[in-house]
Amino acid sequence: MRSDQEERDDLVKTMQFLHSRGWCDGTGGNFSVRLAHDPLHLLMAPSGVDKGNVNAEDLIVVDADGAVLEGNGGRASAETELHLCIMCSVAAGAVLHTHSVAATVLSRVHRRDGCIQLEGWEMLKGLNGIQSHETTLVLPVVANNQDMQQLSNAVRPHLNGTTRGILVAGHGLYAWGDNLEQARRHVEIIEFLLSAHLQYQQLCTMTNKTDS
Ligand SMILES: [Zn+2]
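Residue numbers (the working numbering): 23 to 234.
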């Protein structure tokens, strides 16, 4: 059983890492870890803070309604509702939400398609359950919405046992895992794949070449 302090320290380290990669610039992104199942308690960064510079004691604990149970006066992010929606729908142990350039740009380009398909990349095997580059990873894309209830309603139908991440158009990526370590790996892999896909598409257009 991990202590509350260990969970806090690990979430801070993960946020610092994601920030160092340029995936949550400004005060963008948000990150949550499940502390308890029943009743559900989530550990999160408070709203409006630089995720590369959050102290463990500044993290907040919220309940299943998004109400803050613990925190040094920190408010819950509006995106808490979507974290709770994902956490409950896929029984995740951690949900990580990034604002990378690749996820932001590609999700706009593919908004009308409703998804992005990634295939042929060795790094797909970094996702749990994928054994070969000859796999197609489908990332659903939903329209952005400042109303978190409407955004959650748009995301919920895509959440099943096979979904590995969701893109919000012009906004960013939500990915998750059974625990924080797995969720972080999934974000790293999906962000790599999105960056590779973006550069591949750009080069294919410039050179009029593909590998097929
Ligand atoms: Zn966001």
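Every residue gets a Cβ at the ideal spot worked out from N, C-alpha and C, and that includes glycine.
Residue environment: Asp32 is assigned as buried (16 or more neighbouring CB atoms within 10 Å of its CB, all protein chains considered). Between the C-alpha atoms of Ala58 and Leu64 there is a straight-line separation of about 7 Å. For Thr36, the enclosing alpha helix (DSSP H) covers residues 26-42. Counting every other CB atom within 10 Å of its CB across the protein chains shown gives Ala125 a total of 16 or more, marking it as buried. In the assembly as shown, Ala86 is an exposed residue. Its beta-carbon has fewer than 16 other beta-carbons within 10 Å. Judged by DSSP secondary structure, Val71 falls outside any beta strand (DSSP E); it is assigned neither H nor E. Within 10 angstroms of the beta-carbon of Glu210 lie 16 or more other beta-carbons, which makes it buried. DSSP, read as helix, strand or coil, puts Pro179 in helix. The straight-line gap separating the alpha-carbon atoms of Asn75 and Gly88 is approximately 23 Å. In the structure shown, Ile82 adopts extended strand secondary structure according to DSSP, grouped into three states. Apart from sequence neighbours up to five positions away, the residues of its chain that approach Pro162 with a beta-carbon distance below 6 Å are Cys137, His180, Ile188, ordered along the chain. In the assembly as shown, Met109 is a buried residue. Its beta-carbon has 16 or more other beta-carbons within 10 Å. Between Val55 and Ala116, the C-beta gap is smaller than 9 Å, which places the two residues in contact.
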